[in-house]
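Numbering (the working numbering), first residue to last: 225 to 534.
We put the CB at the ideal spot given by N, CA and C, even for glycine.
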C-alpha cells in the first residue's frame with residue numbers, strides 16, 4: 225500500500241473514531257431515578273403571593289411542576305384573572321400544572337350532598353382543563369368523622385367521580401388522609417380504587433398520612449406505578465406520636481425520621497414516572513420569604529432522593 229493510501233486510511237479511521245467519541249459524549253446520561261419535582265402550594269400558602277406569583281416562584285427555583293389549590297385559582301378568577309393566562313404562564317415558564325387540591329364531599333352518604341359535590345367537581349374540572357391541569361385530588365372530605373362509610377359504596381361513588389374526570393379531561397386521585405375515620409389506611413384506599421372497577425382509578429399517598437394513619441411504608445410496593453402518579457413529600461420529627469400529630473407537624477423532607485431510603489427505593493423500582501410533590505403546612509416555613517422557602521424545599525427534596533438512591 226502506498227504511503228498516500230496509508231495516510232488516507234489513517235485519517236479516515238481517526239475521523240470515524242472522533243465522530244464516535246463525540247456521539248458518546250453527546251448522549252444524555254440516564255437518570256438514576258424516575259421522579260420529577262413538584263411544589264404543592266400549601267408550602268407557601270400563608271405568604272399569600274397569589275396564583276401567578278406561585279407559578280413563577282416554583283419555576284424560578286427549578287420545580288418541574290406545581291400543585292395548586294382550587295381556592296387560589298377561584299380567587300384569581302374572581303379578581304378578574306383569565307384562565308387562558310394561567311395556561312400561557314405555565315407554558316412559557318415550562319412548568320406543569322400537575323394537580324389541584326379541592327374539597328368536594330363526593331364520598332358522603334347524604335345523596336343531596338353528593339349531588340352538590342359532583343356539580344362542584346364538574347365546575348372545578350372545567351376550570352382545571354382550561355389551564356392544562358392534569359389531575360384533581362379526591363380526599364375523603366366530609367367523612368373524616370362520624371360513622372364508617374361502606375367501602376363498597378365508596379368505591380361505587382369514586383367510579384362516578386373518575387368517570388366524570390374522564391369526560392372532563394382531569395384525572396381524580398383518591399387521596400389517603402391519615403387522620404380521617406374513613407380512608408386513613410393505605411389498604412382502605414387501595415380497596416376503594418380497586419373495587420371502583422374503573423381502569424383510570426389512581427391513588428395519592430403521602431409520607432405524613434401513611435405514618436399518621438398507621439400503614440406500613442412497605443405497603444407502597446403493593447401497587448403499580450401507573451396507579452400512583454404522584455406522591456406527597458414531607459417528613460415527621462423523631463418521637464412523633466402518630467395518634468396525636470397534626471398537619472402542622474410536617475417538616476421538610478430529610479429534617480425528620482421518615483425512612484426515605486425505603487420509600488423512594490420502592491417508588492423508583494416501579495420504573496414509571498412519579499411526581500414527588502412537596503406538601504407541608506409548617507408555620508416556620510410560612511414565615512419565610514416564598515422564594516427562599518421554595519429554594520430550600522427543592523434542595524432538600526433533591527438531597528433525600530440522591531441520598532436514598534446513592
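Where the alpha helix (DSSP H) containing residue i begins and where it ends
i           : result
residue 437 : 431–437
residue 413 : 410–419
residue 309 : 307–317
residue 487 : 484–492
residue 359 : Segment 359–362 is the beta strand (DSSP E) holding residue 359; no alpha helix (DSSP H) there.
residue 519 : 514–532
residue 279 : 275–285
residue 301 : 294–302
CB of residue i within 9 Å of CB of residue j, strictly
i           : j           : result
residue 484 : residue 430 : no
residue 478 : residue 435 : no
residue 419 : residue 352 : no
residue 433 : residue 264 : no
residue 476 : residue 521 : yes
residue 392 : residue 428 : no
residue 389 : residue 454 : no
Euclidean distance between Cα positions of residue i and residue j
i           : j           : result
residue 272 : residue 347 : 24 Å
residue 529 : residue 487 : 10 Å
residue 364 : residue 330 : 8 Å
residue 280 : residue 515 : 10 Å
residue 259 : residue 288 : 10 Å
residue 322 : residue 262 : 8 Å
residue 270 : residue 508 : 11 Å
residue 267 : residue 519 : 11 Å
residue 384 : residue 407 : 17 Å
Residue of the options minimising C-alpha distance to residue i
i           : options               : result
residue 450 : 424, 466 and 456      : 424
residue 493 : 457, 299, 356 and 447 : 447
residue 481 : 396, 459, 350 and 465 : 459
residue 499 : 284, 319 and 297      : 319
residue 412 : 315, 400 and 370      : 400
Host beta strand (DSSP E) of residue i (start-end)
i           : result
residue 336 : Unbroken run through residue 336 is the alpha helix (DSSP H), 335–355; no beta strand (DSSP E).
residue 382 : From DSSP, residue 382 is part of no beta strand (DSSP E) but of the alpha helix (DSSP H) over 375–392.
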